[in-house]
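Number of protein chains: 2
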Amino acid sequence: MAARIALADDHPIVLDGLEQLFHLEPDFEVVARCRDGKETLSVVREQRPDLLILDIRMPGTDGLAVLRAIHDEGLPTRVVVLTAALDDEQLVEAVRLGVRGVVLKETAPKLLVKAMREIQAGGQWLEPGVVSRALRKLVQKDAGFREAEKVLTPRELEIVRMAGSGLRNRQIADRLFISEGTVKIHFHNIYQKLQVNGRLELALYARDKGLV
Amino acid sequence: MAARIALADDHPIVLDGLEQLFHLEPDFEVVARCRDGKETLSVVREQRPDLLILDIRMPGTDGLAVLRAIHDEGLPTRVVVLTAALDDEQLVEAVRLGVRGVVLKETAPKLLVKAMREIQAGGQWLEPGVVSRALRKLVQKDAGFREAEKVLTPRELEIVRMAGSGLRNRQIADRLFISEGTVKIHFHNIYQKLQVNGRLELALYARDKGLV
DNA sequence: ATTTTTCTATACCCATCGATAGAGTTTCCT
DNA sequence: AGGAAACTCTATCGATGGGTATAGAAAAAT
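The listed protein sequences derive, respectively, from chains A and B. Residue numbering for the first sequence follows my numbering, starting at 2 and increasing by one per position. Residue numbering for the second sequence follows my numbering, starting at 2 and increasing by one per position.
Structure follows, in structure tokens:
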């Protein structure tokens, strides 16, 4: 019996391409085309397809939200993420949510079919190149981000954010209802922890690390 | 006689979708599929297709570079940009380079066909929504950028850049072989011209406007 | 129960920053 | 030739920023 596939992508042309692709494979049958996350979710809930090819970027409810819902509701559909470029964090999140496969749009269609068969048979399919590269980046960025989150106390993080917005010591003190001296102490500690040389470097650092 | 179309996109599935789409239209004939910019360029040079459907994001030589080459060499092929999301500056650049149409991937395939016919007949096709929105943003950003370039003298711009990198007055003075006092004067003038309240605000401003 | 961490505070000192005033040089435009 | 704009300098002064020492109170970890 042919595996029932649902397709979800906001680009009609991609849907056409996918449908055409699987039309040539007798062991797959496309049972639904979805243009946004909401539609995808209702289709998966009602039709219970065997497989879902899911684009991450979609208008409204995005792919990850769909994946999360499927995971949380324990729906039996196996999901393959098909996307142009996968963000590092998105990848990790997707894997955490039990995605069965990750395929880039720039890969050969035949490979996608192969991946689908693999998954239908109970396996997994992660493009090695993508995964390793993404994970490497993730480690770097995550290291920087979480480093800041770990070494800094909540209060210090708060102050870093304010400094990143261009506030003065006096202003920060007023907003936090503490003395200006205390603000200075916090900055002093922050500088030591983050190895930066003043509030300007700190502000730029905060911007880079996405702490603002 | 059917119009000869070349397709350029790094996603094979999209190529499949496009080919399938135009296969149903008797007045169009797909004569080439290209996976990167280099391939696209050689195809356009040799086969001189009537139309080229071009994705902006491609590995290696990207879509804009291809468009630039086609424009510079005076090749007769009319280009339609087909992309997921078009950057403001990219759009302006594309129009400047004589692109004949801009279509988003999320638009209905039938509309793409309609646009192609329009262009083949000598017209243009720009998605109104995209264009107006992009242009509005562009005006804003461009205004901010050029404003800074106009009101600031070359020397002042130099100093703004250095401040944006986190340098101190003393360091800036040393690098420019001027006295620290002069640096202060420049900053004073800059603050007045840009209506900012200190070097931190200035640095953030410079970052936003892309002056660094 | 004791130690550690976190947050808070004050006081002093020096470096840096920013505003202001006054003035000389060059360069470019009219 | 004359004027405007840009760049340079010195000098002063108050405000802000940052280092250091000292230390109390509350919360968390051991």
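In this text, a Cβ means the ideal position worked out from N, Cα and C, and glycines have one as well. All values reported here derive from a predicted model rather than from experimental measurement.
Distance, residue j Cα to residue i Cα
| i | j | result |
| --- | --- | --- |
| GLU202(B) | LEU177(B) | 22 Å |
| TRP126(B) | ARG118(B) | 10 Å |
| GLY99(B) | ALA204(B) | 37 Å |
| ARG58(B) | ARG5(B) | 23 Å |
| VAL242(A) | ASP17(A) | The structure shown does not extend to residue 242(A), since chain A spans only 2 to 213, so no value can be given for it. |
| LYS185(B) | GLN193(B) | 12 Å |
| VAL114(B) | LEU52(B) | 12 Å |
| THR183(A) | GLU157(B) | 36 Å |
| ASP175(B) | GLU94(B) | 40 Å |
| ASP73(A) | GLY199(A) | 46 Å |
| LEU25(B) | ALA3(B) | 12 Å |
| ALA159(B) | ARG208(B) | For the record, residue 159(B) in the displayed sequence is Glu; it is not Ala. For GLU159(B) and ARG208(B), the distance between alpha carbons rounds to 14 Å. |
| ASP63(B) | ASP10(B) | 10 Å |
| ARG171(B) | TYR206(A) | 21 Å |
| ARG46(A) | HIS12(A) | 22 Å |
| GLY75(A) | GLN48(A) | 14 Å |
| LEU112(A) | THR108(B) | 27 Å |
| PHE188(A) | PRO155(A) | 13 Å |
| PRO50(A) | ARG34(A) | 12 Å |
| PRO27(B) | ALA116(B) | 16 Å |
Reference residue i; option with closest CA among the options
| i | options | result |
| --- | --- | --- |
| PRO110(B) | VAL31(B), ALA204(B), GLU20(B) and LEU205(B) | GLU20(B) |
| GLY123(A) | HIS189(A), PRO77(A), GLN91(A) and ARG156(A) | PRO77(A) |
| LEU55(B) | ARG49(B), GLY38(B) and GLU47(B) | GLY38(B) |
| ARG36(A) | GLN48(A), LEU8(A) and PHE23(A) | LEU8(A) |
| ALA66(B) | GLU40(B), ASP51(B) and LEU112(B) | GLU40(B) |
| GLU181(B) | ILE191(B), ASN190(B), ARG169(B) and TYR192(B) | ARG169(B) |
| LYS210(A) | VAL161(A), GLN172(A), ALA174(A) and THR62(A) | VAL161(A) |
| LEU68(B) | VAL96(B), GLN48(B) and PRO50(B) | VAL96(B) |
| ALA85(B) | PRO60(A), GLY75(A), GLN91(A) and ALA70(A) | PRO60(A) |
| GLN121(A) | PHE29(A), PHE188(A) and ILE191(A) | PHE29(A) |
| VAL152(A) | PRO27(A), PRO50(A), LEU195(A) and LEU112(A) | LEU195(A) |
Residue i CB to nearest heavy atom of the ligand FMN below 7 Å
| i | result |
| --- | --- |
| GLN193(A) | As for the ligand FMN, it is missing from this structure, which has no ligand bound. |
Continuous alpha helix (DSSP H) stretch holding residue i: start and end
| i | result |
| --- | --- |
| THR84(A) | Here THR84(A) belongs to no alpha helix (DSSP H); instead the beta strand (DSSP E) covers 79-84. |
| GLU30(A) | Segment 29-35 is the beta strand (DSSP E) holding GLU30(A); no alpha helix (DSSP H) there. |
| ALA116(A) | 110-121 |
| ARG49(A) | Counting along the chain, ARG49(A) falls outside any alpha helix (DSSP H), and DSSP gives it neither H nor E. |
| VAL67(A) | 64-73 |
| GLY61(B) | No alpha helix (DSSP H) contains GLY61(B), which DSSP labels as neither H nor E. |
| GLU202(B) | 200-210 |
| GLN21(B) | 13-24 |
| ILE1(B) | Past the boundaries of the shown model lies residue 1(B); chain B is included only from 2 to 213, so the question cannot be answered. |
| GLN193(B) | 181-195 |
| LEU76(A) | From DSSP, LEU76(A) is part of no alpha helix (DSSP H); its letter is neither H nor E. |
| LEU153(B) | Note, LEU153(B): premise wrong, no alpha helix (DSSP H); not H, not E. |
Terminal residues of the beta strand (DSSP E) in which residue i lies
| i | result |
| --- | --- |
| ILE54(B) | 52-55 |
| ARG5(B) | 4-9 |
| LEU1(B) | This structure cannot speak to residue 1(B), because chain B is shown only from 2 to 213. |
Integer-rounded CB distance, given that residue j should sit under 8 Å from residue i
| i | j | result |
| --- | --- | --- |
| PHE290(B) | VAL31(B) | The structure shown does not extend to residue 290(B), since chain B spans only 2 to 213, so no value can be given for it. |
| LEU42(A) | ALA70(A) | 6 Å |
| SER166(B) | VAL197(B) | Between VAL197(B) and SER166(B) the Cβ distance is about 17 Å, and since that is not below 8 Å, they are no contact. |
| ILE179(B) | MET163(B) | Wrong, their Cβ atoms sit about 12 Å apart, outside the cutoff. |
| ILE14(A) | VAL15(B) | 6 Å |
Pairing CB atoms from the segment 93-107 of chain B with CB atoms from the segment 73-85 of chain B, are three or more of them under 8 Å? With a cut-off of 8 Å, the segment 73-85 of chain B and the segment 93-107 of chain B count as touching, because enough Cβ pairs lie within range.
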